[in-house]
Amino acid sequence: LGFLSVAGDLPDLDAILDGTCKDVPSEAPALHILSAALSMRVNETTSSKKLNALIEYTLALPGEFSVMIVQDLRERKIELDHLQNWTLWMKKFNTLLH
137 LGFLSVAGDL
147 PDLDAILDGT
157 CKDVPSEAPA
167 LHILSAALSM
177 RVNETTSSKK
187 LNALIEYTLA
197 LPGEFSVMIV
207 QDLRERKIEL
217 DHLQNWTLWM
227 KKFNTLLH
């Protein structure tokens with residue numbers, strides 16, 4: 137029931153990965169669901185363009201949610217180091233990684 141009450145307020149995942157959506161939810165439950173959904177939308181065949189758009193989007197998220205996404209991607213061996221926005225991400229959030 138909690139998911140259903142939040143799902144309608146989530147930004148479009150494909151638009152985020154296409155780099156055309158900058159809307160960020162303000163409520164923690166929506167951020168949790170969005171972070172998990174974005175992470176699971178990515179796999180080893182996801183293009184660098186989409187990955188770069190995702191990393192750019194995570195720059196606008198609260199740190200804990202941005203790190204949650206990146207840690208999940210790295211655990212699944214999704215390469216991020218080559219992305220244009222990776223350096224910006226590391227400058228902003230590297231102190232939150234453990």
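If you're matching positions, the sequence shown starts at 137 in my numbering and goes up one per residue.
Glycine residues also receive a C-beta, built at the ideal position from the N, C-alpha and C atoms.
Where does G194 land, buried or exposed, given buried means 16+ other C-beta within 10 angstroms? Here residue 194 is taken as the residue at index 58 of the sequence shown, counted from 1. Before going further, note that residue 194 is Thr rather than Gly in the sequence given. Looking at its Cβ environment, which holds 16 or more other Cβ atoms inside 10 Å, T194 is buried.
Proximity winner among R212, E211, G155, relative to N221 (alpha-carbon distances): As a first step, residue 221 is located in the sequence shown; it is residue number 85 there, counting from the start. The residue with the shortest Cα to Cα distance from N221 is G155.
Let me know if M176 comes out buried or exposed under the rule of 16 or more other beta-carbons within 10 Å of its beta-carbon. Here residue 176 corresponds to residue number 40 of the sequence shown, with the count starting at 1. It is exposed - the Cβ of M176 has fewer than 16 other Cβ atoms within 10 Å.
Three-state class that DSSP yields for D208 in the structure shown: Residue numbering aside, residue 208 sits at position 72 when the sequence shown is read from its first letter. Looking at D208 - three-state DSSP - the assignment turns out to be helix.
Mark S79 as exposed unless 16 or more other C-beta atoms lie within 10 angstroms of its C-beta, in which case mark it buried. As shown, the chain starts at 137 and ends at 234. That puts residue 79 outside it, with no answer to give.
Below 7 Å CB to CB, which residues in the same chain sit around L174 once its five sequence neighbours on both sides are set aside? As a first step, residue 174 is located in the sequence shown; it is residue number 38 there, counting from the start. So the list reads L149, I152, L190, I205, once near-sequence residues are dropped.
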